[in-house]
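Just below is one structure, and these are the notes that go with it.
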Amino acid sequence: MRLVLTAALFCTVAMPALAQQSQPAPTRDASTRDRAEALARALNNPMVQEGAAAMLTNLAGIVLDTRVGPIARYADPRIGEQDTLRDIQRRNDPDFEKHFHQDARAAVAVAGKLTDGALQMQESLDQTAARLRAALAPLRAALKN
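Sequential numbering from 52 applies to the sequence shown in the working numbering.
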């Protein structure tokens, strides 16, 4: 589940560059595609994957240090008053931080593959967008009147 959420995070980060790609081909800036390709290359780079995983692990660590015991102990009597999210996760999986880091790195790799796939689909997406614009043009015109 964490892998999916992290992949979604990276896809969200990548979407602005890819969304610009969905503009009509004549108005699309060539540098937008270049940026999207650079993003795909970066996300497929093992060093970038490791760096992004480290960043996500650090950010998660900040959240995991949140003390939730005062409320969570009412839902689960095993939770103490001073327990943090990290304490709770460690009880469930003593190696969860290592697993989180591995999942985050894998999610970055998945985001790279998804970005590659989106770039490969670009021509087809442009054609679909053009057909949708043409099909919706009469409706738009009717709504303006």
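Just so you know, even glycine gets a beta-carbon here, dropped at the ideal spot from N, CA and C.
For this session: Check each candidate in A81, A87, S82 and name the one with the smallest Cα separation from A169.
Result: Translated into the one-based positions of the sequence shown, residue 169 becomes position 118. With respect to the C-alpha of A169, the residue from A81, A87, S82 having the closest C-alpha is A87.
Exercise. Going straight from the alpha carbon of L130 to that of A123, what length do you get?
Worked result: Stepping through the sequence shown from its first residue, residue 130 is reached at position 79. Stepping through the sequence shown from its first residue, residue 123 is reached at position 72. Residue identity differs from the one stated: residue 130 is Ile in this sequence, not Leu. Take the alpha-carbon of I130 and the one of A123: they are about 7 Å apart.
Exercise. Got a sec, what are the start and stop residues for the alpha helix (DSSP H) E88 sits in?
Worked result: Stepping through the sequence shown from its first residue, residue 88 is reached at position 37. Unbroken alpha helix (DSSP H) run through E88: 81-94.
Problem set entry | Spatial distance of L90 from L165 (CA atoms) | On the sequence shown, residue 90 is found 39 positions in, with the first residue counted as 1. On the sequence shown, residue 165 is found 114 positions in, with the first residue counted as 1. Between the C-alpha atoms of L90 and L165 there is a straight-line separation of about 11 Å.
Problem set entry | Any C-beta of chain D under 8 Å from that of R156 | Although the question refers to chain D, the structure presented lacks it and comprises just one protein chain.
Exercise. For Q72, which residues of its own chain have a beta-carbon under 7 Å away from its beta-carbon, when the five flanking residues on both sides are left out?
Worked result: On the sequence shown, position 21 is the one that residue 72 refers to. At Q72, the pLDDT of 48 sits below 50, so the modelled position is not reliable; the number obtained from the coordinates is stated separately. Apart from the 5 residues on each side of it in sequence, Q72 sits with its Cβ closer than 7 Å to the Cβ of R79, T83, R84, A87, Q173 in its chain, given in chain order.
Problem set entry | P97 versus A188, R182, A162, P189, residue with shortest Cα-Cα distance | Numbered from 1 along the sequence shown, position 46 holds the residue referred to as residue 97. Out of A188, R182, A162, P189, A162 has the C-alpha closest to the C-alpha of P97.
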